[in-house]
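Everything on this sheet refers to the single structure shown next.
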Amino acid sequence: MSEPNTPKGPSAPGPTHRAAAADAPAVPRDASHAHRDAAAPDAPPAPREGPGRDASPAGPGRAASTAARDRILARIRAAVADAPPVPEPSRAYAVTHTPDDPDAVLDLLHENLADYRAVVHRTTEDGIAPLLARLLAERGAASVLVPPRLPPHWLSAAAPALVHDRAALTAADLDRIGSVVTGCALAVAETGTIVLDGGPDQGRRRITLIPDHHICVVRAPSQVVASLPQAMPRLDPARPLTWISGPSATSDIELDRVEGVHGPRTLEVVLLAES
Numbered sequence: 001m002s003e004p005n006t007p008k009g010p011s012a013p014g015p016t017h018r019a020a021a022a023d024a025p026a027v028p029r030d031a032s033h034a035h036r037d038a039a040a041p042d043a044p045p046a047p048r049e050g051p052g053r054d055a056s057p058a059g060p061g062r063a064a065s066t067a068a069r070d071r072i073l074a075r076i077r078a079a080v081a082d083a084p085p086v087p088e089p090s091r092a093y094a095v096t097h098t099p100d101d102p103d104a105v106l107d108l109l110h111e112n113l114a115d116y117r118a119v120v121h122r123t124t125e126d127g128i129a130p131l132l133a134r135l136l137a138e139r140g141a142a143s144v145l146v147p148p149r150l151p152p153h154w155l156s157a158a159a160p161a162l163v164h165d166r167a168a169l170t171a172a173d174l175d176r177i178g179s180v181v182t183g184c185a186l187a188v189a190e191t192g193t194i195v196l197d198g199g200p201d202q203g204r205r206r207i208t209l210i211p212d213h214h215i216c217v218v219r220a221p222s223q224v225v226a227s228l229p230q231a232m233p234r235l236d237p238a239r240p241l242t243w244i245s246g247p248s249a250t251s252d253i254e255l256d257r258v259e260g261v262h263g264p265r266t267l268e269v270v271l272l273a274e275s
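Under the UniProt record's numbering, the residue at position 50 of the sequence shown is numbered 50, and the numbers go up by one with no gaps.
Structure below.
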């Protein structure tokens with residue numbers, strides 16, 4: 001026989017307390033309201049108690065905190081006053097573990113992109129238009145989003161309607177678009193990462209996060225580096241950098257992988273051989 005659904009915990013009265021409450025005289029409704037009103041007069045709340053808890057931002061608590069910080073910093077300055085200058089660390093360390101061979105670097109990028117579940121294609125300038133047309137047709141995209149300065153000939157053979165990005169496009173508008181085609185700023189071979197910096201052939205960050213299918217074109221070898229130490233000097237830290245390693249994915253504590261949680265579920269990378 002199942003037990004009744006009785007409230008549990010400190011706030012749930014037991015049988016004895018419930019019986020006592022039943023025998024207690026009832027409090028008139030008006031008296032209850034009067035008691036509530038008397039207990040809550042229109043007065044400002046009392047200040048919080050405890051050291052340094054002044055309601056004013058510039059009160060004694062703030063002054064005490066500032067004074068303590070100044071004392072600590074003064075002690076540190078005194079302790080290191082006679083310390084010798086710290087030498088600049090050497091920058092002669094190895095910046096890559098990959099052979100200085102463009103073909104080997106490109107092969108490594110291809111391998112690591114595929115390892116992150118990106119679909120990788122290789123083509124030339126003559127083959128990029130038919131390749132992109134085929135990929136969009138296989139995807140069944142009815143429309144494709146185009147950044148402002150994407151080379152026009154890349155999509156010259158594409159059947160889907162071209163939607164040119166503009167600020168008026170909302171997130172809902174972008175969600176209805178089947179695919180997006182962009183260039184990139186760099187690709188890092190050792191990590192299988194493509195980097196976007198919001199350049200003219202890449203567009204706003206949101207256009208590569210909302211559509212479900214992203215095709216990214218990487219010019220090789222000019223946009224391919226072996227390692228992160230080689231990539232950093234070529235990137236502008238003031239630009240909106242997006243680092244992409246495979247399609248959007250996450251895993252729970254049991255390592256069950258779910259793709260498309262916060263970005264495209266399908267990433268296709270075209271390695272475009274430069275003439």
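By construction, the Cβ of each residue, glycine as well, lies at the ideal position given by its N, Cα and C atoms.
Start-to-end residues for the beta strand (DSSP E) that takes in residue i
| i | result |
| --- | --- |
| leucine 162 | 161 to 164 |
Three-state secondary structure assigned by DSSP to residue i
| i | result |
| --- | --- |
| alanine 79 | helix |
| aspartate 37 | Only weak support exists for where aspartate 37 lies, its pLDDT of 42 falling under 50; the coordinates are left without a value. |
| threonine 123 | strand |
| leucine 169 | coil |
| isoleucine 177 | coil |
| serine 156 | coil |
| proline 130 | helix |
| serine 32 | The pLDDT assigned to serine 32 is 41, lower than 50, so where the model puts this residue is not dependable, and the model offers no usable value. |
| proline 84 | coil |
| alanine 137 | helix |
| alanine 118 | coil |
| aspartate 54 | The predicted model places aspartate 54 with a pLDDT of 43, which falls under 50 and marks its position as unreliable; any figure quoted below should be read in that light. The answer is coil: DSSP assigns aspartate 54 none of H, G, I, E or B. |
| valine 27 | Unreliable placement is indicated for valine 27, whose pLDDT of 44 sits below 50; the coordinate value is still reported in the next sentence. Note: valine 27 maps to coil in three-state DSSP. |
Per DSSP, the bridge partner or partners of residue i
| i | result |
| --- | --- |
| arginine 149 | Arginine 149 is not bridged to any residue. |
| serine 143 | Ala161 |
Start and end residues, alpha helix (DSSP H) containing residue i
| i | result |
| --- | --- |
| alanine 273 | It is not in any alpha helix (DSSP H) - alanine 273 instead sits in the beta strand (DSSP E) that spans 266 to 273. |
| leucine 108 | 102 to 115 |
| alanine 94 | Neither: alanine 94 is in no alpha helix (DSSP H) and is coded neither H nor E. |
Are three or more beta carbon pairs between the segment 239 to 252 and the segment 183 to 200 nearer than 8 Å?
-> yes
Beta strand (DSSP E) runs wholly inside the UniProt domain "LUD" (180 to 272), at least 3 long, in chain order | 186 to 188, 193 to 196, 213 to 220, 242 to 244, 249 to 251 and 257 to 259
Are three or more beta carbon pairs between the segment 205 to 213 and the segment 174 to 187 nearer than 8 Å?
-> yes
Segment contact, 8 Å Cβ cut-off, at least three pairs: the segment 243 to 261 with the segment 87 to 104 | no
Can at least three beta-carbon pairs, one atom from the segment 114 to 127 and one from the segment 230 to 238, be found at a separation below 8 Å?
-> no
Cβ pair count under 8 Å reaching 3, the segment 149 to 167 against the segment 130 to 140 = yes
Indicate whether the contact test is met: 3 or more Cβ pairs, each with one atom in the segment 168 to 175 and one in the segment 213 to 233, closer than 8 Å.
-> no
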